[in-house]
Structure formats: C-alpha cells, structure tokens
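Chemist: Got a structure for you, questions after.
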Amino acid sequence: MIGRFATVAELVTRESPETPVHLLRPHRLAEAAAAFVGGFPGDVLFAVKCNAHPLVLETLRRQGVRHFDVASPMEIRRVRETVPDGVMFYHHPAKTPGQIALARDLGVCHYAVDCVAELEKVVAHAGPDVVPMVRLAIPKGSGAVYDLSTKFGAAPEAFVATLRRARALGLAPGVTFHVGSQCLDPEAFRLGIRLACSLLEGAGVDVTLMDIGGGFPAYYRRTRAPALSAFFAVIDQARREWAEPRGIRLLCEPGRALAAEGGSLLARVILRKADAVYLNDGIFGGLTEVYWGKDELSLPFRAISPAGALRTGNPVAVTAYGPTCDGNDRLPYPLELPEDTVNGDFIEFNLIGAYGREMAARYNGMASDAVAVVEADFAGHGEPEGARVIGTGPSFCVARINA
Ligand SMILES: *Cc1c(COP(=O)(O)O)cnc(C)c1O
C-alpha cells in the first residue's frame, strides 16, 4: 500500500510512480455492496477470485457481505485472516484431499461438487456434516460474455444422480450454478432457477439452498445491459414463482459487479510514437482480462499529465503495447489517446477492480503489486472530468434468450 490520496492528481504529483499502481476506491465498493445487500432477494457471497485484497474483503464485510465464495487454500486463508467471521463456500468442483482437509480445519461446511466421485471425495475428507452444493451446467447462449458451464457443472442426469447420492449418504444438499460472467440478460437467471427447480421436482429431491452464482455485469464502454435493479427484479419474480413455494432460499456470488468499479489501474506512457504507445502495463499484467474480453471489456480511460491535469486533445487511435518484449503484448483494440499525450503521462483505466491485479503474471520480471487508495471518483469530485462509464441507463438489452 503506497498510501491514501484525495485524488489521482495528488498521487501523480506526489509519487510520480514509474511502475503501475492499482487504485482502490473503497466508497465505490461500499456502494456496490449496499446495492446487492439491499436489492438481492437472498444472501450475497463475494467471489474472492476477482479481488482478494484485504481492503476489498474488509470493506465488503463492513457493508454486510458476510459470505465468501473461495476456490483455493490461499483464498480460504485470506478470508479467515481478514474476515474472521466470514462464512465460506468452497465453490471449486475439483479439489484435492489436502485442500478439502484444510478447508474443513478452517471451518468450511459448503462444498461445490458436480459428480458423484467429487461428492464422495468431499465426504471422505471433510466428514459427514458437509453441505454439498451440486453444480448444474447452464445451457449455452445464456447472454454472457464468458461461458462458465463448459468446464464445470453437471448435465441434468449427473446433476440428479449426484443429488440422490447425497441424499442416500444422509446429507442435505444444496444447488448451485453460474450463468456465465458478464451476463447481459437477466432472463438467464430466470432460466437457471426454473431449470434447477424443475430438475429437482422431477428427481423428487428437496433442497433449501440455491446459489444462482455470479455473472452480474459491470458497465464497460460498450456494455449494453439493463441496470442491476432489473436483474434483481427478474430474479425476485423467478424466486416467488419457483423457489419460495418449495422452501428454497436464494444466494448469489457476484465478483465483477461488486468489485469492478472499486478499482482502476494507473499505468504510464513509457514511449509515445505517432501511431503507437508503449505503456508500463499490458495484457500480461493488470490488463490481462481485456485480452480475453476484447471489445466487450473496452475500459473507460483518461490521460493525465505528470502535473495532474487531464489531457484533452482530440482522440487519435493508436496501438497500445504493454512493457514486455513479447509481440503479443498489445491491447486487442486501438486506444483513442488524446493527441497531446506525451512520454511520462499517466493512463488511468477504470473498472479494473475485478480481474485486474489478481490475473497479472510476472512475465519478463515485470509485475506490480503497488496499491493506493483514492477517495475521489474516476471522474468525480476533485478530479478533472474524464471518460465516463456508459451503459448504466435503463433497460437496454442486446442478447435475448430463446427460452
Ligand atoms: C468466477 C466465479 C464467480 C464470480 O463471477 P462474476 O462473473 O465475476 O460475478 C462466482 N462463482 C463462481 C463459482 C466462479 O467461478
């Protein structure tokens, strides 16, 4: 942690950092947490993989997020140390015996499984008091940028078989699924809830917990998705229709939507050429996810001079390279940089609070763990106006599900 600053302008004039800095805005994390805790009709877990920084976990806990979705011993230890009363769900469907035993020793009761073999492994190593959360695969085309049902999740037959085996072992299983990350269509959640409930009914298995996963969107430059409240409204309708009559309580486990707006990346221009710019961070560092998400994850950004003033020149599209010697180290889309941007300027990329620092590698000996807290918004009080987040308006949807 290099400190706490009122504005980015204050940070750059005081510190002039030559290596990338991850900026955290705890008040934005708190706002996102309040929106979920107040708006989601059930319990809210935070998916730790998208940002495990202690300040993030503490801030969410203070806003009433008490549950955490974890997937590794490191995440489990981090939550135990940072949020001692946190309730953890080990939602990785393929675990080693040692990982399961460590989770049990640190008080984890809920474990995702997507087949009978993993269920039996969990019971063998965590004991007979576990709550297996059986993960259902969601059919393709659910309106998400990332499909999270190709690697994990049981097809209907295996889903039912795993639930029945859990019952036969005397356990009280729950159900979980994930509609895919950066889901643009609230109907995906209705589809998931309906599919899970109708399979439960067909199988004659009762459950009391249904975790409908993460996938709630962040609003990148090209995102066209309804507001979060529209997602909650659809989910609540589906809950009343399908879950409540069966005595099922909902949970969700957002990562991106809780953390994205709470962080930005302060990169710096190493070298400016007429049609290209070489930055001190790139797709092997804090901008890894942009490589995978391409235009869908086009980040709002602004250029700031070393004196803390916003560059306001006409935008010129340039190729943006990262700092490694690898030719692939290039942003997948051109950066519309103000024409007055020069060597030594800073480029602040917003919405990098989720899947930013966590995904960074250490390629070419280039890595930065530097974190700073900034009190002002990306383009808010005390800051020069910058590129704004768009797409946060009322319902507007590109992807529709043929349900
Ligand atoms: C990644 C992940 C999440 C968080 O997904 P977001 O799209 O960031 O909300 C939640 N649950 C599981 C099991 C995950 O793997």
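Quick note, our numbering runs 2 ahead of the 1-based positions in the sequence shown. Heads up, the beta-carbon is just placed ideally off N, CA and C, and yes, glycines get one too.
What is the residue span of the alpha helix (DSSP H) that ILE195 lies within?
Modeler: Element bounds for ILE195: 189-205.
Chemist: Enumerated in chain order, which unbroken segments of the beta strand (DSSP E) with a length of 3 residues or greater are wholly contained in the region 230-289?
Modeler: Within the region 230-289, the complete beta strand (DSSP E) runs of at least 3 residues are 251-254, 265-274 and 278-281.
Chemist: For GLU377 and ALA362, I'd like the C-alpha separation in whole angstroms.
Modeler: For GLU377 and ALA362, the distance between alpha carbons rounds to 24 angstroms.
Chemist: Terminal residues of the continuous alpha helix (DSSP H) containing HIS93?
Modeler: Per DSSP, HIS93 belongs to no alpha helix (DSSP H) and is neither H nor E.
Chemist: Within 10 angstroms of the Cβ of SER397, are there 16 or more other Cβ atoms? Answer buried if so, exposed if not.
Modeler: The predicted position of SER397 is uncertain, since its pLDDT is 29 and thus under 50; a value taken from the coordinates is nonetheless stated next. With fewer than 16 Cβ atoms within 10 Å of its Cβ, SER397 is classed as exposed.
Chemist: Where does GLN65 sit, in a helix, a strand or coil, going by DSSP?
Modeler: The answer is coil: DSSP assigns GLN65 none of H, G, I, E or B.
Chemist: Express the C-alpha separation of ARG248 and VAL133 in angstroms, rounding to a whole number.
Modeler: VAL133 and ARG248: Cα-Cα distance of roughly 18 angstroms.
Chemist: Return yes when the C-beta of SER200 is under 7 angstroms from any heavy atom of ligand 1, and no when it is not.
Modeler: Because no heavy atom of ligand 1 lies under 7 angstroms away, the Cβ of SER200 does not count as near it: no.
Chemist: I'd like the list of long-range same chain contacts for LEU62, defined as Cβ closer than 6 angstroms, with 5 residues on each side in sequence excluded.
Modeler: Here the set comprises ALA35 and PHE48.
Chemist: Within the present structure, is the beta-carbon of LYS296 separated from the nearest heavy atom of ligand 1 by less than 7 angstroms?
Modeler: It does not: the Cβ of LYS296 is nowhere closer than 7 angstroms to a heavy atom of ligand 1.
Chemist: ASP107 by DSSP, collapsed to three states: which one?
Modeler: If DSSP states are grouped into helix, strand and coil, ASP107 belongs with the helices.
Chemist: Under a Cβ-count criterion, where at least 16 other Cβ atoms within 10 Å of its own Cβ denotes burial, should THR152 be classed as buried or exposed?
Modeler: That one is exposed.
Chemist: So for LEU150, helix, strand or coil by DSSP?
Modeler: DSSP places LEU150 in coil when its eight states are reduced to three.
Chemist: With H, G and I counted as helix, E and B as strand and the rest as coil, what does DSSP make of TYR323?
Modeler: Three-state DSSP puts TYR323 in a strand.
Chemist: For GLY393, I'd like the list of residues in its chain whose CB is within less than 6 angstroms of its CB, leaving aside the five on either flank, ordered along the chain.
Modeler: Summary for GLY393: the model assigns pLDDT 32, below 50, so the residue's position carries little reliability, and this model does not support an answer.
Chemist: Could you tell me whether any non-hydrogen atom of ligand 1 is closer than 7 angstroms to the CB of GLU263?
Modeler: False, no ligand heavy atom lies under 7 angstroms from that Cβ.
Chemist: Taking DSSP as the reference, what is the three-state secondary structure of ILE102?
Modeler: Looking at ILE102 - three-state DSSP - the assignment turns out to be helix.
Chemist: Using the Cα positions of GLY143 and PRO219, report the straight-line distance between them to the nearest angstrom.
Modeler: Using only the alpha carbons, I get a separation of about 16 angstroms.
Chemist: For the beta strand (DSSP E) that PHE351 lies in, which residues bound it at each end?
Modeler: Element bounds for PHE351: 348-351.
Chemist: Taking only three categories from DSSP, how would you classify GLU12?
Modeler: Helix at GLU12.
Chemist: Quick check: is any heavy atom of ligand 1 less than 7 angstroms from the C-beta of GLN184?
Modeler: Flag set: Cβ of GLN184 near ligand 1.
Chemist: State buried or exposed for VAL400, treating a residue as buried only when at least 16 other CB atoms are found within 10 Å of its CB.
Modeler: Legend: pLDDT at VAL400 = 28, less than 50; position of this residue unreliable, value from coordinates given subsequently. Flag for VAL400 reads exposed.
Chemist: Helix, strand or coil: how does DSSP classify GLU298 here?
Modeler: Three-state result, GLU298: helix.
Chemist: For the region 273-281 against the region 232-243, are there 3 or more C-beta pairs whose distance is under 8 angstroms?
Modeler: Contact fails: fewer than three Cβ-Cβ distances are below 8 angstroms.
Chemist: According to DSSP, simplified to helix, strand and coil, what is ILE392?
Modeler: Residue placement at ILE392 is flagged as unreliable, the pLDDT there being 32, under the threshold of 50; the coordinate-derived value follows with that caveat. Here ILE392 sits in coil by DSSP.
Chemist: The beta strand (DSSP E) spanning ASP306 covers which residue range?
Modeler: The amino acid at residue 306 is misidentified as Asp; the sequence shows Ile. Looking at the DSSP string, the run of the beta strand (DSSP E) that includes ILE306 is 303-306.
Chemist: Suppose the cutoff is 8 angstroms on Cβ atoms and the five residues either side in sequence are ignored; what does the same chain contact list for ALA96 look like?
Modeler: The residues are GLU120 and PHE154.
Chemist: Let's test the definition: count the other Cβ atoms within 10 Å of the Cβ of GLY2 and tell me whether it reaches 16, buried, or not, exposed.
Modeler: With the chain covering only 3 through 405, there is no way to say anything about residue 2.
Chemist: Between which two residues does the beta strand (DSSP E) containing GLY176 stretch?
Modeler: Taken as a continuous stretch (DSSP letters only), the beta strand (DSSP E) holding GLY176 covers 176-179.
Chemist: Any beta carbon of chain B sitting closer than 8 angstroms to that of LEU353?
Modeler: Within the model displayed, chain B is absent; a lone protein chain is all it includes.
Chemist: Could you give the residue range of the alpha helix (DSSP H) that holds PRO75?
Modeler: From DSSP, the alpha helix (DSSP H) with PRO75 extends over 75-84.
Chemist: From GLU297 to PRO325, what distance separates their C-alpha atoms?
Modeler: Sequence check: residue 297 is Asp here, not Glu. One C-alpha to the other measures close to 21 angstroms.
Chemist: What is the DSSP secondary structure of GLU341, reduced to helix, strand or coil?
Modeler: GLU341: coil per DSSP, three-state reduction.
Chemist: Give the DSSP-derived three-state secondary structure of ARG332 in the structure shown.
Modeler: Residue state, collapsed to three classes: strand.
Chemist: Tell me, please, whether the region 170-181 touches the region 134-141 by the rule of three or more beta-carbon pairs shorter than 8 angstroms.
Modeler: Judged by Cβ distances under 8 angstroms, the region 170-181 makes contact with the region 134-141, as three or more pairs qualify.
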